[in-house]
Amino acid sequence: MNFRGSHIISVDQLNRVSVEKIFDVADSMTPYASRLQTTKVLDGAILGSMFFEASTRTRMSFGCAFNSLGGSVREIVDMKTSSISKGESLYDTARVISGYSDVIVMRHPSPGSVEEFAKASRVPVINGGDGDNEHPSQALLDLYTIRKELEHKRSMIDGMRIAMVGDLKNGRTVHSLSKLLLLYKNITFTMISPNELKMPNEILDQLILAGHKVIETDNMKVGLSDNDTVYLTRIQEERFEKQSDADLYRGQFKLNQEIYTQHCAPNTVIMHPLPRDSRANANELDSDLNLHPNLAIFRQADNGVVIRMALFALVLGVEDSVHKTSAPVKWFTDTRTTTTT
Amino acid sequence: MNFRGSHIISVDQLNRVSVEKIFDVADSMTPYASRLQTTKVLDGAILGSMFFEASTRTRMSFGCAFNSLGGSVREIVDMKTSSISKGESLYDTARVISGYSDVIVMRHPSPGSVEEFAKASRVPVINGGDGDNEHPSQALLDLYTIRKELEHKRSMIDGMRIAMVGDLKNGRTVHSLSKLLLLYKNITFTMISPNELKMPNEILDQLILAGHKVIETDNMKVGLSDNDTVYLTRIQEERFEKQSDADLYRGQFKLNQEIYTQHCAPNTVIMHPLPRDSRANANELDSDLNLHPNLAIFRQADNGVVIRMALFALVLGVEDSVHKTSAPVKWFTDTRTTTTT
Amino acid sequence: MNFRGSHIISVDQLNRVSVEKIFDVADSMTPYASRLQTTKVLDGAILGSMFFEASTRTRMSFGCAFNSLGGSVREIVDMKTSSISKGESLYDTARVISGYSDVIVMRHPSPGSVEEFAKASRVPVINGGDGDNEHPSQALLDLYTIRKELEHKRSMIDGMRIAMVGDLKNGRTVHSLSKLLLLYKNITFTMISPNELKMPNEILDQLILAGHKVIETDNMKVGLSDNDTVYLTRIQEERFEKQSDADLYRGQFKLNQEIYTQHCAPNTVIMHPLPRDSRANANELDSDLNLHPNLAIFRQADNGVVIRMALFALVLGVEDSVHKTSAPVKWFTDTRTTTTT
């Protein structure tokens, strides 16, 4: 796709060339995101950050990405204080707000709403999540993380083996990541979930049609055994139709140091979309793995910033001029760079 | 008036010379607002944006205007998280907050509160709306829109014909716009409203005393027939004292394509303060006019940005130095400029 | 202490040399805070401002301080929209958010939470208040205000006489200020409070051990008589165990023009942490003193900005390079500078 001036609404817009273009631009953002360099390439530009649903992490990540390119951020953070609550159409909101900014990020609880909004917007719109539907920057940062983690092991996405664990029926992130992986070749998916929360058939069918191998299991220990990457998500007990099923599976889809050591292949990368629920009744990814070198969850969050910088640079057409205004960071950053690497 | 260092609290502060000064400065802001140029004239300046009442649109418009001049924005967005809820006086709040910023925009539900606040402030305060009382930047952007729309038709405000429609009794915007029009000559006002929601007599008397012509009617079709501009506002059914009156008038003050074609003079400009209520039971301005070339409502919203840029530039005394730091916009803006003009 | 890269969690971290270092840097910030000069020393840096508890004033003060150094601010303003409400640990939040910004300010209702957060953060964290526990920048701005006010009178902190008034049992600000004053010599403290709300013994013991003189009284008029500074705080009636005690003391710990003239030594400096409650049933510091030259409460708030600028400059290691990017302010600031001085 031609990114310049485009909306980023769905992973369905992307082919392999455009995904790899995003990743290459993201790579070029690393010196800025890790505070070795600053750039003013978007000095004077304004991001309209419209979060009609709570999301601290995604909102902060987009805002910091835009600031790191030199731009300013203006925010709307809830539905109640917006004109939409007074009966304004998304068309009107889009026509007005797109006159205030150079690019818009929007999160909204209703599936399809961001696309509808984008149609009336006069500036590029990036989908920051529309209900259960799409959250393309999350899928991109997940895939980018897999690429980088495997690169460190001199491996690659084509031909890799990935396990997806948890509520695969309702999980937006595993759906979108699966769709992006359709663009790659010869992947082995192990789908680990309770029978009631299996990955939808239409996604499985697409994966098989694209030549990938799919294994389904409700036995975590079996499923974990032979992967390059394990992608964990949370299961909420209220998702089960019968309490007896919830009881049956309780605690069966958690990962901790002991299970990792016993059942995972050496160097298996551990991922999670975050936030992870660390309360005792959830705890799908135990904190005893916090210092494990293959725990990639915080690198995943860091990668969100460079992916979002790349998306902004691409839709605003500045991906090749970022370095023209670059300068060394002049404040003390040793704590940050030391701990990050 | 001398703008430099002044508060902008009420349209009553303005004479015709000062209104036209604002409009001239607003004209000079157009290249910056429409993203042909950037400026850093307020680089280092801080706007304190204090919205003690919900208003996404006005807050965003002021904030983006300030960012577009190169300044930073710090915001307070509700009453509950403010010290006012702990019994702090407006005097104290003003004395403290005015030490944090270079100019303040304030919205507050209590009429008169912004003026009281301004008296204790050490920096210029712009009224962003104080309850039913004043909202001067809205009145200015409305009048500026009329001026620009009529200019396109080689016409002018002096001598024009305007219809105001809807709840003229309670509508802050039509009151303020009427007051500003007192500064102009020989205007014909057609006030279209239910009998219960007529424009207050003191405003009508002022208009007549200033030499304008005033016609009142509760028949929309008759009132629409001979105007340069129609300014629509919403009627809320709960404004009527008797339900029988609400029933009598229901649906009588709406504008759509068919009514426009049958009853309005050719090229009549359509305005609305926004947000318009697009729910079926309101729908005072139908979406079937969305692509009509004389629908000025989104240009109205865009004009809000240049008017607010002009107000900031004037009270901070930089209206003549904006261009000194101007530079071409370096990111891709074709989507925006194409659709806007 | 070595500030570069450090967290600022508690006044207990500070010795006299480090306190005076902060004050010297704060002095150097005055031209920037009072809008004579701008600086871009933190151009490109991002402050993560995380307020998990309402605090308009402190949040604005930190944000404006960071903007005044040329940096950008990204904010989280409540608990409900944060991932913590979904069971995320402070460790995870810290690891993620510290990847988005160069320095973090955090307020949180739970004592100890900011320190716990800081341990996992990859960038310096400044405590913006953790419940009843610590609020170090408030204590520093209080002490800095005393220093500056006494300097004007050719006096100094060592050897001064200070009265603390009100709820000394629960008041975080008077506890922290007392701790900081342990670093100075030969101070006379007059602790004025109802018997039920006396300063805790461990603090009194520390003061005496450090060689200071401590007087306790529940009689305001007696206590006021011989001080350089009076530091007032609010008493809430619900703090008393018995209503009869509340009745006994009602209105006994207020200061107004008449009491000041009758009971205070000439030129006694009046301080208050703000916000003061101006409702009739509180009114601990009457507005009839608003124009009194020794009322330091608004200078106190202004000093908050330079103290916070100093803390940012020190932890980011730019305290000596602020002037390298300084430039004269180019917008009109006469209203501000005239009224401030």
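Listed in order, the protein sequences are those of chains S, F and G.
Numbering follows this note's numbering, with no gaps: position 43 of the first sequence is 37.
Numbering follows this note's numbering, with no gaps: position 176 of the second sequence is 170.
Numbering follows this note's numbering, with no gaps: position 318 of the third sequence is 312.
Every residue, glycine too, gets a C-beta built ideally from N, C-alpha and C.
Does the distance from the C-beta atom of residue i to that of residue j stay below 8 angstroms?
i	j	result
Phe56(S)	Gly123(S)	no
Ser172(G)	Asp222(G)	no
Asn250(F)	Asp271(F)	no
Ala204(S)	Leu176(S)	yes
Met214(F)	Phe183(F)	no
Ile291(G)	His266(G)	yes
Ser107(G)	Ala88(G)	no
Gln31(S)	Ser315(S)	no
Ile381(S)	Asn288(S)	Outside the displayed range of chain S (-5 to 335) lies residue 381(S), so it cannot be described from this structure.
Val312(G)	Trp325(S)	yes
Thr327(S)	Arg29(S)	yes
Using DSSP bridges, identify the partner residues of residue i.
i	result
Lys207(S)	Thr182(S)
Val99(G)	Ser43(G), Ile120(G)
Ala157(F)	Thr184(F), Val224(F)
Met265(F)	Tyr225(F)
Leu279(F)	Leu249(F)
Pro322(G)	Gln31(G)
Glu69(F)	Ser43(F)
Leu289(F)	Ile264(F)
Ile2(G)	Ile120(G)
Do you know offhand how far residue i's Cα is from residue j's?
i	j	result
Ser170(S)	Val13(G)	53 angstroms
Thr211(G)	Ala259(G)	17 angstroms
Ser238(G)	Glu190(G)	12 angstroms
Asp86(S)	Val119(S)	15 angstroms
Ala240(G)	Ser187(G)	12 angstroms
Tyr318(G)	Gly(-1)(G)	According to the sequence displayed, residue 318(G) carries Lys and not Tyr. Each residue's alpha carbon lies about 21 angstroms from the other.
Leu310(S)	Val323(F)	11 angstroms
Ile98(S)	Ser43(S)	6 angstroms
Ile2(F)	Met(-5)(F)	10 angstroms
Asp18(G)	Tyr178(G)	16 angstroms
Glu143(S)	Leu218(S)	18 angstroms
Glu196(S)	Glu231(S)	24 angstroms
Ile151(G)	Gln132(F)	52 angstroms
Ile70(S)	Asp199(S)	39 angstroms
Pro130(G)	Arg68(G)	22 angstroms
Met154(G)	Asp220(G)	10 angstroms
Gly65(S)	Tyr26(S)	13 angstroms
Gly245(S)	Gly160(S)	11 angstroms
Thr24(S)	Ile40(G)	16 angstroms
Ile16(S)	Ile140(F)	45 angstroms
Ala20(F)	Lys207(F)	29 angstroms
Asp282(F)	Glu82(S)	15 angstroms
Ile181(G)	Asp126(F)	54 angstroms
Phe(-3)(S)	Ala112(G)	39 angstroms
Ala59(G)	Leu135(G)	13 angstroms
Glu109(G)	Thr262(G)	37 angstroms
Val11(G)	Phe234(G)	40 angstroms
Leu268(G)	Pro269(F)	38 angstroms
Leu174(F)	Leu242(F)	33 angstroms
Leu285(S)	Leu84(G)	16 angstroms
His146(S)	Asn61(G)	39 angstroms
Asp72(S)	Tyr138(S)	30 angstroms
Chain B beta carbons: is any one of them nearer than 8 angstroms to that of residue i?
i	result
Leu279(G)	No chain B appears in the structure shown, which is made up of the protein chains S, F and G.
**Request:** Decide if the region 100 to 108 of chain S is in contact with the region 92 to 111 of chain F; the criterion is three or more beta carbon pairs, one per stretch, under 8 angstroms apart.
**Result:** no
**Asked** Is the number of C-beta pairs between the region 164 to 172 of chain S and the region 225 to 236 of chain S that are closer than 8 angstroms three or more?
**Response** yes
**Asked** Should the region 280 to 295 of chain S be regarded as contacting the region 35 to 48 of chain S, the criterion being three or more beta carbon pairs within less than 8 angstroms?
**Response** no
**Message:** Any contact between the region 31 to 43 of chain S and the region 1 to 10 of chain S? By contact I mean 3 or more CB pairs, one from each, below 8 angstroms.
**Reply:** no
**Asked** In chain order, which alpha helix (DSSP H) runs of at least 4 residues are fully inside the region 223 to 258 of chain G?
**Response** 237 to 243, 251 to 257
**the region 262 to 277 of chain S touching the region 302 to 318 of chain S, judged by at least three CB pairs closer than 8 angstroms** = no
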